[in-house]
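Written out below as C-alpha cells is the structure these notes cover.
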Amino acid sequence: MDLLRENVQAARRAIGAGAELVPMVKAEAYGLGMPAVVAALSGFPSPDLPWAFGVATVPEGERLRALGWSGRILVFSPATPQDFERAGSAALTLCISDVEGVRRWAAIAASLARRLSFHIEVDTGMGRAGLPWEHAAQWGADVLDAAADKLVWEGVYTHFHSADEPDLTSADEQWAKFQSAVAALPALETPLIMHTSNSAGIFRRAGYGCKLARPGIFLYGGRAGPDVEPAPVVSLRARLVLIKEVPAGSTAGYGATYRATRAERWGTLAIGYGDGVPRRLATAGGEVLLRGKRTRIIGRISMDMTTIDLTNLLEAEVGDEVTLIGESGDQRITVDEVAARCGTISYEILTGLGTRLPRIYLGEGGRPWRDPIPS
Ligand SMILES: *Cc1c(COP(=O)(O)O)cnc(C)c1O
7 MDLLRENVQA
17 ARRAIGAGAE
27 LVPMVKAEAY
37 GLGMPAVVAA
47 LSGFPSPDLP
57 WAFGVATVPE
67 GERLRALGWS
77 GRILVFSPAT
87 PQDFERAGSA
97 ALTLCISDVE
107 GVRRWAAIAA
117 SLARRLSFHI
127 EVDTGMGRAG
137 LPWEHAAQWG
147 ADVLDAAADK
157 LVWEGVYTHF
167 HSADEPDLTS
177 ADEQWAKFQS
187 AVAALPALET
197 PLIMHTSNSA
207 GIFRRAGYGC
217 KLARPGIFLY
227 GGRAGPDVEP
237 APVVSLRARL
247 VLIKEVPAGS
257 TAGYGATYRA
267 TRAERWGTLA
277 IGYGDGVPRR
287 LATAGGEVLL
297 RGKRTRIIGR
307 ISMDMTTIDL
317 TNLLEAEVGD
327 EVTLIGESGD
337 QRITVDEVAA
347 RCGTISYEIL
357 TGLGTRLPRI
367 YLGEGGRPWR
377 DPIPS
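Residue numbers (the working numbering): 7 to 381.
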C-alpha cells in the first residue's frame with residue numbers, strides 16, 4: 007500500500023501544484039480488489055486523499071457507497087436508463103454523453119427533491135461516448151437548459167485514445183478540439199471543472215494543464231507510456247507443490263505439447279488460467295522466478311496447475327514461492343512484460359486475475375496491511 011501511495015504522489019507531482027486525482031477503481035480496482043484499494047486511498051491524508059473515485063457502472067458506484075465512501079463517485083460509462091434511479095439514490099455523479107440523459111437525470115433529481123451532479127464527456131476521437139466537440143455551442147445550451155435548477159453541471163472532460171503511444175500528435179489534437187469545445191460552452195456561475203488525462207496524459211503532458219486527472223493503470227503498477235515506469239504494486243506468486251524427476255520422452259500438459267529431450271526435473275505450481283495466468287503465456291516464452299532465478303514454463307498451462315522446468319534449479323524445494331509477476335532476488339518480471347509476451351496490455355492481465363487468488367495486502371516495510379478488510 008505504500009507503493010500505491012508512491013504512485014499517487016508521483017501522479018500528483020507530474021501534474022504540479024494544486025493537482026487533485028480521481029483514482030479509477032473500476033473493475034475491482036483493476037483486479038486488485040476494490041475494498042482494500044479504496045480503504046487505502048481514502049485513508050491517505052490530504053493532499054493525497056482523492057477528490058473523487060471513478061467507476062464505470064452504477065452498481066460499482068453502489069458498491070463503493072456500501073464500502074463507506076461518502077465523497078464524490080464519478081460513473082464514467084453511460085448509465086443504462088434503468089440505472090438512473092439507483093444512481094440518484096446513491097448520490098452518484100453521472101458522466102453523461104447525450105442531452106436526453108441530462109433530461110432523464112433532471113427528472114430523477116426532481117423526484118428525489120435533491121440536486122444531483124453530472125459531468126459531460128466531449129468526444130474528441132474516442133468514439134465510444136461523448137457529445138461531438140464540433141457542436142458544443144449547440145448541445146452546451148441544450149444541456150444547460152435540460153439541467154435547469156435540478157442539476158449541478160460540475161465538470162466537462164474528454165478521453166485520449168493514444169496518449170500511451172510514442173507519438174503524441176493525436177493526443178495534442180484531441181486536446182485542441184477539447185479546448186475549442188469548452189470555449190463554445192455557455193458561461194456558468196461556477197466554472198466547469200476540466201479533466202482530460204488518464205495515466206499516460208498525466209505523465210507525458212502533465213495532464214495538459216488541467217489540475218484534475220483520472221489515473222488508473224499507473225497507480226496499480228502498469229506502465230503509462232514508453233518510459234513511465236510505476237512502483238511495482240502487484241506481485242503474482244504461487245507455491246511449488248510438486249517436484250518430479252522425469253526420463254527423456256516424458257510429456258507435459260494437455261496436448262502433450264512439451265516432450266523432455268533428456269532426463270529432466272519438473273516442478274508443478276498450484277496456479278493456472280483459472281487464476282488469470284494467461285494460457286498463451288506458456289507458448290509465448292513465459293518465465294517465472296524462483297529463488298532469484300528465471301526459469302521457463304513448459305507445456306500448456308492448465309486451469310489449476312502450471313509446469314515449470316527445474317532441471318537447472320537443483321536448490322528448488324516443494325513449498326518454495328514462485329513469482330509470475332514481481333521481484334525475486336535481483337530479477338523482476340513486470341506486468342507489462344507478461345502482457346507484451348501475450349500480445350495484450352497490462353490492464354487485461356490485472357483485471358483478469360481470478361477471484362480464487364487470495365489477495366494479500368502489505369503495509370509499511372512489507373508488514374501485513376491492516377486487517378480485516380471489509381468485503
Ligand atoms: C479507465 C479510465 C481512465 C484511466 O485510464 P488509465 O489508462 O488506466 O490511467 C481514465 N478515464 C476514463 C474515462 C477511463 O474510463
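Ideal placement from N, C-alpha and C gives every residue a C-beta, glycine not left out.
Between the CA atoms of T312 and V31 - distance to the nearest angstrom: Rounded to whole angstroms, the separation of the alpha carbons of T312 and V31 is 30 Å.
(Q) Is the beta carbon of R297 closer than 9 Å to that of L319? (A) Yes, they are a contact pair.
**Item:** Contact test: N13 Cβ vs ligand 1 heavy atom, cutoff 8 Å
**Value:** For ligand 1, no non-hydrogen atom lies closer than 8 Å to the CB of N13.
| request: Could you say which of A143, S203, A16, I208 lies nearest to A189 if we only look at CA atoms? | output: Its Cα nearest to that of A189, the residue A143 stands out among A143, S203, A16, I208.
With C-beta atoms as the reference, is F224 less than 9 Å away from S241? No, they are not a contact pair.
Practice item. Please name the residue, chosen from A152, P56, L356, R271, that lies closest to P221 on a Cα-to-Cα basis. Key: Looking from the CA of P221, the closest CA among A152, P56, L356, R271 belongs to P56.
Are the beta-carbon atoms of T357 and E34 separated by less than 9 Å?
-> The Cβ atoms of T357 and E34 sit closer than 9 Å to each other.
Can you find a heavy atom of ligand 1 that lies under 8 Å from the Cβ of G39?
Checking every heavy atom of ligand 1 against the Cβ of G39, none is found closer than 8 Å.
- Check whether the Cβ atoms of L246 and E327 lie closer than 9 Å to each other. Yes, the Cβ-Cβ distance between L246 and E327 is below 9 Å.
Exercise for review: Identify the continuous beta strand (DSSP E) that holds V162 and give its terminal residues.
Suggested key: Where V162 is concerned, the enclosing beta strand (DSSP E) stretches over 157-163.
For the alpha helix (DSSP H) that R89 lies in, which residues bound it at each end? Residue identity check: residue 89 is Asp in the sequence provided, not Arg. No alpha helix (DSSP H) holds D89; DSSP gives it neither H nor E.
What is the rounded straight-line gap between the Cα of V252 and the Cα of Y36?
Answer to the nearest angstrom: the Cα atoms are 40 Å apart.
Notebook entry, point to check: Do you know offhand how far A169's Cα is from P284's?
Noted result: In this structure, the CA atom of A169 is about 26 Å from the CA atom of P284.
Rounding to the nearest angstrom, what Cα-Cα distance links G49 and L70 in this structure? Separation of G49 and L70 (C-alpha to C-alpha, rounded to the nearest whole angstrom) is 14 Å.
message: Check whether the segment 164-183 and the segment 114-126 are in contact - that is, three or more C-beta pairs closer than 8 Å.
response: Flag = no, the segment 164-183 and the segment 114-126 do not touch.
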